[in-house]
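Those protein sequence lines, which keep their order, are chains A and B. Position 167 (the first sequence) corresponds to 167 in the numbering used here; numbering is contiguous. Position 171 (the second sequence) corresponds to 171 in the numbering used here; numbering is contiguous. Using N, Cα and C, we set each Cβ at its ideal position, and we do this for glycine too. Remember, predicted model here, so these are calculated numbers, not experimental data.
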Amino acid sequence: MDLSYYPGCTLKTIAKGLEDSAIASMNALGIRLVELERWNCCGTVYSLAEDDLAHHLAPVRNLIRVKEQGGDRVGTLCSFCYHTLKRANLLVRNDGEKRKTLNDFMEEEIDYNGEVEVVHLLEVLRDEVGWDAIAGKVKVPLHGLKVAPYYGCTLLRPQEVAIDQVERPTIMQKLMEAIGAEAVDFPYATECCGSFQTVGNPDFITQRAWEILSSAMRRGAEAIVLTCPLCHFNLSQRQPELAQKYSDFHGMPVFYFTQLLAISLGIGPEVCHFELSSGEPLSLLKSKKLVS
Amino acid sequence: MEDFITRKALIIGGGVAGIQAALDIADAGYEVILVERTPSIGGHVLQYSEVFPTLDCPQCIMTPKMVEAGQHANIRLLTYSEVESVSGKIGNFTVRIRRKASYVDWDKCNGCGLCQLKCATTAPSEFERWLPFGRRKAIYIPFGQAVPNKPVIDRDACRYFTKGKCQLCQLVCPVKAIDFEQRDTFTEVNVGAIIVATGFELYAKESISEIAEDPDVLDGIQFERILCPSGPTDGEVVRPSDGKVPKEVAFLSCVGSRDPEHGVPYCSRVCCMYLAKQAMLYKHAVPDGQAYIFYMDTRSTGKGYEEFIQRAVEEDGVLYLRGRVSKVFRDGDKLKVWGADTLSGKRVELSCDLVVLGMAMVPDPAGKDLMRILGVDTDIYGFIAEAHPKLRPLESSVPGIYVAGTAQGPKDIPDSVAQGSGAASKALTLFSRKEPVLEKR
Chain A
1 MDLSYYPGCT LKTIAKGLED SAIASMNALG IRLVELERWN CCGTVYSLAE
51 DDLAHHLAPV RNLIRVKEQG GDRVGTLCSF CYHTLKRANL LVRNDGEKRK
101 TLNDFMEEEI DYNGEVEVVH LLEVLRDEVG WDAIAGKVKV PLHGLKVAPY
151 YGCTLLRPQE VAIDQVERPT IMQKLMEAIG AEAVDFPYAT ECCGSFQTVG
201 NPDFITQRAW EILSSAMRRG AEAIVLTCPL CHFNLSQRQP ELAQKYSDFH
251 GMPVFYFTQL LAISLGIGPE VCHFELSSGE PLSLLKSKKL VS
Chain B
1 MEDFITRKAL IIGGGVAGIQ AALDIADAGY EVILVERTPS IGGHVLQYSE
51 VFPTLDCPQC IMTPKMVEAG QHANIRLLTY SEVESVSGKI GNFTVRIRRK
101 ASYVDWDKCN GCGLCQLKCA TTAPSEFERW LPFGRRKAIY IPFGQAVPNK
151 PVIDRDACRY FTKGKCQLCQ LVCPVKAIDF EQRDTFTEVN VGAIIVATGF
201 ELYAKESISE IAEDPDVLDG IQFERILCPS GPTDGEVVRP SDGKVPKEVA
251 FLSCVGSRDP EHGVPYCSRV CCMYLAKQAM LYKHAVPDGQ AYIFYMDTRS
301 TGKGYEEFIQ RAVEEDGVLY LRGRVSKVFR DGDKLKVWGA DTLSGKRVEL
351 SCDLVVLGMA MVPDPAGKDL MRILGVDTDI YGFIAEAHPK LRPLESSVPG
401 IYVAGTAQGP KDIPDSVAQG SGAASKALTL FSRKEPVLEK R
């Protein structure tokens with residue numbers, strides 16, 4: 001099966017490991033991710049201003065690309081891309097007046113009326129591949145790995161774009177269990193990482209990262225697993241400062257869900273680009289004898 | 001003129017509203033059949049510690065009424081019974097009642113309690129709101145002041161019914177009242193009027209999924225039991241997880257109430273008051289403890305109610321935080337409570353030992369089938385719809401069937417009692433006539 005796939009900017013740069021491990025894993029599970037042609041920035045943040053339609057042009061243009069190329073569905077990996085595409089799509093579907101304004105403005109494009117379905121790869125894994133089928137393909141069960149699923153905000157909020165139960169999601173826990181890891185539930189799983197405050201207020205992010213990581217540590221987690229490149233950045237890149245500030249903190253690896261999936265499916269760690277992560281994820285996997 | 005009225009009343013539900021209605025009709029000289037689903041009359045009121053705003057003891061104010069209802073010459077008490085079917089119309093209803101098997105011959109039983117003393121199997125007690133303290137036996141009288149003071153056997157817990165042997169209670173019973181062969185029986189009564197007083201339940205705290213499993217997150221009635229001097233902890237305020245005295249307690253208002261997203265949109269009317277009262281009683285029991293109440297706004301619209309809230313704040317130092325709670329989670333020995341104080345505009349994080357949820361009041365789910373049997377209209381939440389929301393608040397949509405207490409909507413004890421008396425007077429008005437007159441106004 002082919003799935004039209006929208007990567008977004010970070011997956012081509014600092015989150016290369018998310019993209020490559022996703023493509024390789026999905027291949028192993030029988031789904032070919034076909035990169036959308038001529039995609040552009042997703043818009044990053046969904047604008048909440050009532051009259052700020054210009055901000056929705058970027059995501060809607062991507063959806064137009066999907067329609068233009070004959071697709072009715074697009075898969076996303078990054079939480080931000082998922083969020084802006086999904087929400088802009090709902091706006092087009094539900095608000096006729098704004099739909100018309102957007103279409104009129106983009107007169108060079110074909111008309112778009114919300115025909116495309118936006119899905120996150122986790123949803124595809126749950127609804128189309130299925131946990132049992134994934135478990136059946138696992139070659140290296142991640143036994144002994146205690147990992148805390150961290151969802152952040154944009155996969156779950158607001159309710160109309162949530163890929164799972166908003167208050168108590170289990171989708172990543174189910175995936176982790178399917179690939180043999182032990183999922184650790186912790187109270188900060190759906191708290192915000194601080195998001196783009198990382199640009200102007202890095203101290204605040206350091207504080208958030210500490211609250212999130214230390215909470216997972218107290219519940220016995222050895223690593224974090226997540227979907228979002230920005231959460232990944234905030235939770236992993238602040239770790240050197242945390243190690244300086246808290247003497248008992250010795251780093252905590254942060255994985256993308258597709259990296260752990262790829263490892264469990266027996267795909268070499270090369271596709272995971274662990275060299276782009278701090279917190280020594282590879283050492284943890286080696287210590288558990290999950291990679292050689 | 002021929003007489004078309006059967007001058008007897010059926011009252012369904014033996015809580016404070018139903019008991020009041022029964023006593024009023026019986027005192028007027030008419031026969032009353034009082035049907036109660038559980039083994040004893042008394043209702044929720046009897047579970048409370050002390051009641052607002054006077055802080056009198058509900059056991060002290062309720063038991064005389066219960067005993068009177070149990071002994072009144074005009075009241076026939078059918079506890080552990082449920083209405084099966086109803087036919088007929090105003091003035092002449094025929095009602096079939098299932099008397100559930102208690103496996104104890106209540107005519108022989110003298111209520112000595114030896115059976116429950118000797119029974120070796122325990123189960124969570126409904127009266128103690130399934131708290132880990134105060135489990136009951138498989139053969140049990142639900143609580144000390146029960147009327148009638150007769151035991152029933154819980155088939156799901158009883159060793160004889162589940163494993164085929166034991167029968168210890170039968171062995172020790174001095175009057176040979178235990179009867180494992182007993183079956184449900186049916187009785188049919190003719191009545192002229194029916195009063196429905198089936199009461200409320202609390203919105204299940206399990207519906208607030210992220211915190212439901214924690215033993216130290218209690219609903220309002222559970223904390224009433226812990227505060228109650230005659231409760232399972234003898235009034236010692238301790239928390240279920242480890243039996244320690246909680247030093248910081250957070251009370252959360254409007255959990256499920258006024259929350260169309262997660263619960264029901266309406267206000268449950270009593271939570272502001274009982275949470276203030278519980279915080280006050282907690283402070284009386286643990287003077288060095290701190291009580292926090294998160295609230296949206298306090299609704300204290302009864303007589304003496306606002307003064308009561310002020311007393312909680314001024315005399316007992318209860319700390320009110322205007323804002324809602326977003327999350328409660330366990331952090332080691334403590335429960336972390338995240339909320340907002342919208343008056344100072346700050347986020348609040350508390351480390352508490354115990355959290356009490358002021359859950360929304362909903363109609364008792366056990367009454368759902370009954371409404372269908374009676375043919376009375378309910379609103380979308382299951383509360384009985386009145387014939388007219390302002391001018392006929394005591395009548396249901398079916399002539400001759402009246403409503404009292406929280407079956408009609410959330411209300412406090414005084415309002416329930418008033419409505420019980422009101423519904424009784426409606427029935428008595430009917431009994432004073434030769435034939436039913438349908439009210440048009």
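Taking a beta-carbon distance threshold of 8 Å, residue 167 of chain A counts as an interface residue toward chain B. Around the CB of residue 438 of chain B, fewer than 16 other CB atoms lie within 10 Å, so the residue is classed as exposed. Here the C-alpha atom of residue 197 of chain A lies approximately 20 Å from the C-alpha atom of residue 13 of chain A. The Cβ atoms of residue 324 of chain B and residue 341 of chain B lie no closer than 8 Å to each other. Judged by DSSP secondary structure, residue 58 of chain B falls within the alpha helix (DSSP H) whose first and last residues are 58 to 71. By the criterion of at least three beta-carbon pairs nearer than 8 Å, the stretch 405 to 415 of chain B is in contact with the stretch 194 to 202 of chain B.
Restricting attention to beta strand (DSSP E) runs no shorter than 3 residues, the stretch 88 to 164 of chain B encloses them at 92 to 99, ordered along the chain.
Against residue 329 of chain B, the close residues of chain A are 187, in the order they occur along the chain (beta-carbon pairs closer than 8 Å). As a beta-bridge residue in DSSP terms, residue 352 of chain B pairs with B/335. In the structure shown, the three-state DSSP call for residue 180 of chain B is coil.
Just so you know, the alpha carbons of residue 270 of chain A and residue 285 of chain A end up roughly 13 Å apart. For residue 210 of chain B, the neighbours in chain A by C-beta distance under 8 Å run, in chain order, 167, 168.
Under the Cβ criterion (8 Å, minimum of three pairs), the stretch 239 to 249 of chain A does not count as touching the stretch 95 to 114 of chain A.
Residue 172 of chain A and residue 225 of chain A do touch by the CB rule: their CB atoms are close to 6 Å apart, below 8 Å. For residue 219 of chain B, the secondary structure class from DSSP, reduced to helix, strand or coil, is strand. For residue 190 of chain B, there is no enclosing alpha helix (DSSP H); the enclosing beta strand (DSSP E) has its first and last residue at 185 to 191. Residue state for residue 280 of chain A is assigned as coil, using DSSP reduced to three classes. About 6 Å separates the Cβ atoms of residue 240 of chain B and residue 131 of chain B, confirming a contact at the 8 Å cut-off.
Residue 406 of chain B has no beta-bridge partner at all, per DSSP.
Annotation for residue 232 of chain A: the continuous alpha helix (DSSP H) segment containing it runs 229 to 237. Cβ neighbours of residue 419 of chain B within its own chain (closer than 8 Å, five residues either side excluded): 17, 393, 394, 403, 404, 405, 408, 411. Straight across, the Cα-Cα distance linking residue 9 of chain B with residue 24 of chain B is about 11 Å. Under the criterion of beta carbons closer than 8 Å, residue 192 of chain B and residue 5 of chain B qualify as touching, at roughly 5 Å.
Exposure of residue 143 of chain A is indicated by the presence of fewer than 16 other C-beta atoms within 10 angstroms of its C-beta. When DSSP states are grouped into helix, strand and coil, residue 359 of chain B belongs to the strand group. Secondary structure of residue 18 of chain B (DSSP, three-state): helix. If you draw a 10 Å sphere on the C-beta of residue 81 of chain A, you find 16 or more other C-beta atoms in it, and that means buried. For residue 228 of chain B, no alpha helix (DSSP H) encloses it, and the DSSP letter there is neither H nor E. Per DSSP, the continuous beta strand (DSSP E) segment holding residue 293 of chain B begins and ends at 290 to 295.
Note on residue 8 of chain A: 16 or more other CB atoms within 10 angstroms of its CB, so buried under the neighbour-count rule.
Within the same chain, no residue comes within 7 Å of residue 70 of chain A by CB-CB distance, once the 5 residues on both sides are set aside. Per DSSP, the unbroken alpha helix (DSSP H) holding residue 204 of chain A starts and ends at 202 to 218. Residue pairing from DSSP places residue 252 of chain B in a beta bridge opposite B/294, B/357. Contact check between the stretch 358 to 372 of chain B and the stretch 211 to 227 of chain A: fewer than three CB pairs, one atom from each, fall below 8 Å, which does not count as touching.
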